[in-house]
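Inspection log for the structure reproduced underneath, given as structure tokens.
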Amino acid sequence: MKYDLLKQLQELMHTFSKGQRLIATYILQHYEKAAFMTAAKLGETVGVSESTVVRFAIEVGFDGYPQLQKNLQELIRNRLTSIQRMEIMNEQLSSSEILSRVLTLDAEKIKRTLEEINRDSFANAVETIINANNHYIIGIRSSNSLCGFLAFYFNHIFPNVRTIGTTSSSEVFEQLIRIKEDDVLIAITFPRYSQRTLKAAQFAKKRGATVIAITDSESAPLAQIANITLVAKSDMASFVDSLVAPMSLINALIVAIGNQKKSEIAKSYEALEKIWDEYNVYERNNEEHVNV
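258 is the number of the first residue of the sequence shown in our numbering; add one for each residue after it.
Here it is, written out as structure tokens:
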């Protein structure tokens, strides 16, 4: 069962000291703000010492305050509206810090993804995709950009790639109506999780297809449905979803597949280069511009 910190605090409230009750009460009432406070800042806010906050984290079952903070951040990721996200991050950042802070956080997410990725799951996903008859890809809202990027390159590699459009729930199932065994659905969703993506994954799995999830956690709703889960760390940067690590993971997936299908891809790109050249798809260096 997933650890419910807020419920745990409510149950333990009568056992806490005066200082611990102040911390617990603040977290229960303002968990969305506490999630981004240092131990020192939380202590200052409620009127206790930093060491009291650290001891409190241990008292409620964590190894230390960073683990409690991480639990709170996981808790809020699928609960906050875009406006709430923006308000919280605006409190944390000044205008002069935004560039360095956002880029640093993105770099950390890629590092954590590399450290925590399940290499066997990654290899299994590569083999499953290569051996599939038909490739379906779905990603809704901000995840649609990841879906489009993956589909762009898959169309250069595989003959039967279908990007699932998402104008309505019924159309999602209509586009998946022919999915079957030996097909694969690559489903992409990050907090706040898309219900349409989850329902599409459930439908595909019932039809016998292999579902590969690209999401932020092994405990994410999509991971509970999927046959294979690839985890990439994501987070919020104000109202914006940070999808740098998922994009990097998708890059690695494309490259790994391309490495195993070198000869087929070489033929595809040889044909494509001729088409691009014939129809002036790309700008040529050191040549005069031609009006078309």
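Backbone N, C-alpha and C fix where the C-beta goes; we use that ideal spot for every residue, glycine too.
Note that the coordinates shown come from a computational prediction; the quantities given were computed from them, not determined experimentally.
Counting along the chain, the unbroken alpha helix (DSSP H) around Gly276 starts and ends at 275 to 291.
Cβ contact annotation for Gln265 (same chain, cutoff 8 Å, sequence separation greater than five): Val317, Gly318, in chain order. Asp534 sits in a helix when the DSSP states are folded into three classes. In this structure, DSSP gives Ala502 a helical state, which the three-state scheme calls helix.
The three-state reading of DSSP puts Ala457 in helix, counting H, G and I together. Between Ala502 and Lys327, the gap from beta carbon to beta carbon reaches 8 Å or more. In chain order, Ala292 place their CB closer than 7 Å to the CB of Gln330, counting only its own chain and leaving out the 5 sequence neighbours on each side. Beta-bridge pairing by DSSP links Gly396 to Ile445.
Counting along the chain, Ile469 sits inside the beta strand (DSSP E) bounded by residues 467 to 472. About 6 Å separates the Cβ atoms of Val383 and Ile514, confirming a contact at the 8 Å cut-off. Three or more Cβ pairs closer than 8 Å define a contact, and the segment 481 to 492 meets that threshold against the segment 460 to 470. With 16 or more other Cβ atoms from the protein chains shown falling within 10 Å of its own Cβ, Met294 counts as buried. Closest in alpha carbon position to Asp363, among Phe460, Ala489, Gln267, is Ala489.
Here Asp498 is buried: its Cβ has 16 or more other Cβ atoms, across all protein chains shown, within 10 Å. Straight through space, the alpha carbons of Ile471 and Ser399 are spaced by roughly 13 Å. For Phe273, the closest C-alpha among the options Tyr288, Gln286, Val310 is that of Val310.
Between the segment 400 to 408 and the segment 504 to 519 there are three or more inter-stretch CB-CB distances shorter than 8 Å, so the stretches are counted as touching. Between Ala457 and Ile395 a beta carbon distance of about 5 Å is seen, short of the 8 Å cut, so the two are scored as contacting. The continuous beta strand (DSSP E) containing Arg419 extends over residues 418 to 420. Assignment of Thr486 by DSSP, reduced to helix, strand and coil, places it in the strand class.
Pro478 counts as buried, since at least 16 other C-beta atoms from the protein chains shown sit within 10 angstroms of its C-beta.
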